[in-house]
Amino acid sequence: MRQIGDGRYVPVRELGRGGMGVVWLAEDRLLGREVAVKELTVSGSPERVVREARTASRLRDPGVVTVYDLLMDGGQTYIVMEFVDAPTLADLVGRDGPMSASRAARLGGELLSALEAAHEAGIVHRDVKPGNVMVPPKGTAKLTDFGIAQSFEDPRLTSTGVLIGSPPYMSPERLSGGEPAAAWDLWALGATLFFAVEGYDAYQRATNTATMLAVLNERAEVTQCRGPLAEVITGLMEPDPAQRLTAAAARRLLDQAAGTTRPKPTAALPDPGNPRPTAVAAEPGQPNPTAVYTSDPSQPKPTAIYMSEPGQPNPTAGYEPGSFTPDPSQPNPFAPGSNPFAPGADPYANHPHRERVMAQQAQAMARFRRLRTLTRIAMVAGVVIMVAALVPVIMSAIDMNAAFNQPIITPGATTPNATATTTTRTTTPAVIAAMQQPILTYGAGGDITSDTVPSRNAACYAWTPTKGKPAPKTFDYVDCDAPHGVQSIDYGIITPEADAPYPTPEQMTSRAVALCTKQFLSRVTVADKERSLRYWVLVPSPAAWSSPEHAFGERSYWCVAGKADGTDLTRSIEE
270 MRQIGDGRYV PVRELGRGGM GVVWLAEDRL LGREVAVKEL TVSGSPERVV REARTASRLR
330 DPGVVTVYDL LMDGGQTYIV MEFVDAPTLA DLVGRDGPMS ASRAARLGGE LLSALEAAHE
390 AGIVHRDVKP GNVMVPPKGT AKLTDFGIAQ SFEDPRLTST GVLIGSPPYM SPERLSGGEP
450 AAAWDLWALG ATLFFAVEGY DAYQRATNTA TMLAVLNERA EVTQCRGPLA EVITGLMEPD
510 PAQRLTAAAA RRLLDQAAGT TRPKPTAALP DPGNPRPTAV AAEPGQPNPT AVYTSDPSQP
570 KPTAIYMSEP GQPNPTAGYE PGSFTPDPSQ PNPFAPGSNP FAPGADPYAN HPHRERVMAQ
630 QAQAMARFRR LRTLTRIAMV AGVVIMVAAL VPVIMSAIDM NAAFNQPIIT PGATTPNATA
690 TTTTRTTTPA VIAAMQQPIL TYGAGGDITS DTVPSRNAAC YAWTPTKGKP APKTFDYVDC
750 DAPHGVQSID YGIITPEADA PYPTPEQMTS RAVALCTKQF LSRVTVADKE RSLRYWVLVP
810 SPAAWSSPEH AFGERSYWCV AGKADGTDLT RSIEE
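Under the working numbering, the first residue of the sequence shown carries the number 270, and numbering increases by one thereafter.
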């Protein structure tokens, strides 16, 4: 049997592997406990691995996987860590579908605490992603892989030209060659929360090159949540690091979204050795949006103030006075006669490599601004071309919508005493009525026992709607060329308002049937669909609609189509 560390650690089974190494579940024979042992396979200097593991072992936060030991055995490097018996966020969302807004907000607060502890210690994680987040059924989520974190002042990334991490979770300035900074991790946290609520990677494309271009040129749109959580995700994924949401502002928004007030995160043990400035690129003479920490305890920690450009929304607006207590030792930038936009003290005055760091920051910002200018020019040209090409399609869609008289449900107009908002009832042709199956409800007390339905269009499922049975999960879809019971033809949110009352049965049915029928008529291309196919409309039950989570998944309709004779489909119905 293979043994590590003079027989102390005995691998039991492989837990997983990735680009940096292999993780084993092992038995610690000395202390009689289960541990996770990571065998590093990435090439590089062992001294760097030792320094990084030592730094990670100093972190003290419930959201950080504890590093127990570092071993060199048989020419291999091993990091011994706390074993967390829980699925990763990637596995959890793949199994259960997107998270509700409140649960994702709680998760975001826990991960932010772990990152704040790391940033206080002067290190950047560099690989925050769903696969590195462990989500136990109870307790705090854990952020893993701090053993490959990088110190702010470590220049090896720019000197080697190697990008270590996952491209969909790398910030634009990181892909542009910027210096390591806390802002990297905050952007990746936003992308991770996007995955938690949307159910997919915001920028994952077919190739790494396409993925990186998407990060640099596109803006992800949050559709499954709104309010504070949507603000924090959008703010953290701001391409310009100087305008990105700060950790303090993100904390306030996450607490508001979760409905909790979290305690101040535990600080990391101090390192008396090196100064640890952050490296967020800022223009000369402008305030640095990220607080800078030094090892000298006598030096004050300047307060980070989020500055927004004129005309742009302030992500921290709307908070009641007194939501936080400023440090009385710090000057008030908004006191009468003071200028909050005046340049502050040089944050790198005591840095041993001040000139190099400042020059690298200026170069990174210059590259970012050049790329942003070119991107905007390309986007404007692309929009002009797309508009010209889509005008016929848009006009056709408008004509179809007008002909179909799509009803609209407005929150507050759905009770018996309110004025109905449906101006014209949609008349379903007799031939369509023959294909339409009885309306089904999902959720507690409904026909389908699942709390939510899959949030995916044009996906094929080996399933047929049956009363008393659950719906499939979002990611349980199969290849449409394989036998399957139904194919989804439409999915949408009935109303985004969390406090909207349950619509009347007439309004709920009219909206869902109208939208699903329109999609069946326009998208399904099977020649004899009137005779060979049928379709179902699923809407939430009153209990699902009133779920305390108020997730959009419980305010949605779902339409699927299958064969009229009950046999399986063997190809897509949309060609």
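Yeah, the Cβ is synthetic: ideal placement off N, Cα and C, and Gly gets one too.
Looking only at Pro399, Ala390, Glu843 and Arg271, the smallest Cα-Cα distance to aspartate 342 is reached by Arg271. Taking a contact to require three or more Cβ pairs closer than 8 Å, the region 450-458 and the region 350-359 do not qualify as touching.
Put simply, of Asp768, Pro770, Thr794 and Ile758 the residue whose alpha carbon is nearest the alpha carbon of valine 782 is Ile758.
Between the alpha carbons of serine 816 and leucine 381 lies a gap of roughly 27 Å. Along the length of the region 319-397, whole beta strand (DSSP E) runs at least 3 residues long occupy 336-342 and 345-351, reported in chain order.
In the assembly as shown, proline 741 is a buried residue. Its beta-carbon has 16 or more other beta-carbons within 10 Å.
By the Cβ criterion, the region 726-733 is not in contact with the region 700-711, since fewer than three pairs of Cβ atoms, one from each stretch, lie closer than 8 Å.
Isoleucine 708 and valine 806 have their alpha carbons spaced roughly 5 Å apart. In this chain, the beta strand (DSSP E) harbouring threonine 710 covers 709-711. As DSSP reads the structure, glutamate 308 sits in a beta bridge with Val291 and Tyr347. Separation of leucine 505 and alanine 386 (C-alpha to C-alpha, rounded to the nearest whole angstrom) is 18 Å. Of all C-beta pairs linking the region 388-408 to the region 476-492, fewer than three are shorter than 8 Å, placing the two stretches out of contact. DSSP places leucine 462 outside any beta strand (DSSP E); the residue lies instead in the alpha helix (DSSP H), whose first and last residues are 451-467.
Inter-segment contact for the region 735-749 and the region 357-374 is present: three or more beta-carbon pairs are separated by less than 8 Å. Aspartate 414 and leucine 284 have their C-alpha atoms spaced approximately 14 Å apart. With distances taken between CA atoms, glutamate 844 lies nearest to Ser791 out of Ser791, Tyr771 and Val808. With respect to threonine 718, glycine 831 sits apart: the two C-beta atoms are not nearer than 8 Å. Per the C-alpha coordinates, the member of Tyr771, Ala657 and Gln525 positioned closest to alanine 374 is Gln525.
Look at alanine 751 here: in three-state DSSP terms it is coil, with no helix or strand label. Residue state for methionine 506 is assigned as coil, using DSSP reduced to three classes.
The C-alpha of valine 466 is placed about 19 Å away from the C-alpha of glutamate 487. Between proline 280 and the set Val304, Gly290, Leu300 and Leu299, the nearest pair of CA atoms involves Val304. Classified as buried, asparagine 401 has 16 or more neighbouring CB atoms from the shown chains inside 10 Å of its CB. For lysine 798, the three-state secondary structure derived from DSSP is helix. With a cutoff of 8 Å on beta-carbon distance, glycine 290 and lysine 307 are scored as near each other. Buried is the label assigned to lysine 787, since at least 16 other Cβ atoms lie within 10 Å of its Cβ. Rounded to whole angstroms, the gap between the alpha carbons of aspartate 716 and glutamine 706 is 13 Å. Listed in chain order, the non-local C-beta contacts of alanine 471 below 6 Å within the same chain comprise Ala460, Phe463 and Ala489, local neighbours out to five positions each way being set aside. When only Cα atoms are considered, alanine 410 and leucine 309 end up about 24 Å apart. Remark: C-beta atoms of isoleucine 842 and valine 795 approach each other more closely than 8 Å.
Around the beta carbon of arginine 780, 16 or more other beta carbons lie within 10 angstroms, which makes this residue buried. By the neighbour-count definition (other C-beta atoms within 10 Å, threshold 16), threonine 357 is a buried residue. Within the model, the alpha-carbon separation for cysteine 749 versus glutamine 756 is close to 8 Å. Counting along the chain, the unbroken beta strand (DSSP E) around leucine 284 starts and ends at 278-286.
Here valine 491 is buried: its Cβ has 16 or more other Cβ atoms, across all protein chains shown, within 10 Å.
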